[in-house]
Amino acid sequence: MGKRLKLSYDKEGDILEISAGEPQEAISEEIGDDIVVHKNFKDEIVGFTILNFTKRFEDGEKEDLPINVEFLVLS
């Protein structure tokens, strides 16, 4: 079974948090401009933080993020 994604946006800080599954201890590493990946101690990705999220789209152009995501649809 897939893990549930939780998205949380802090408007004041302009921070998007994406986490998968239950909260757990993680090691964080910046992988791009204001992009932080969170991995558990098994080296599995458990979340991302994207700083300055809306500023990436201010000029009306979309900006690619250095993240590939697969979604599993559960019925």
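In terms of the working numbering, the sequence shown opens at residue 22 and continues consecutively. Glycine included, every Cβ here is placed at the ideal spot set by N, Cα and C. Computed from a predicted structure; not experimentally measured.
Would you list the one or two residues that DSSP bridges to residue i?
{"i": "Gly-42", "result": "Per DSSP, none; premise fails for Gly-42."}
{"i": "Thr-70", "result": "Glu-38, Val-57"}
Does residue i pass the burial test, meaning 16 or more other C-beta atoms within 10 Å, or should it be called exposed?
{"i": "Ser-96", "result": "With a pLDDT of 46 at Ser-96, under the threshold of 50, the modelled position of that residue is not reliable, and no figure is offered here."}
{"i": "Ser-49", "result": "exposed"}
{"i": "Ser-40", "result": "buried"}
{"i": "Gly-53", "result": "exposed"}
Could you check where the beta strand (DSSP E) with residue i kicks off and where it finishes?
{"i": "Lys-27", "result": "26-31"}
Spell out a yes or no on whether the stretch 27-38 and the stretch 60-80 are touching, meaning 3 or more CB-CB pairs, one atom from each, closer than 8 Å. yes
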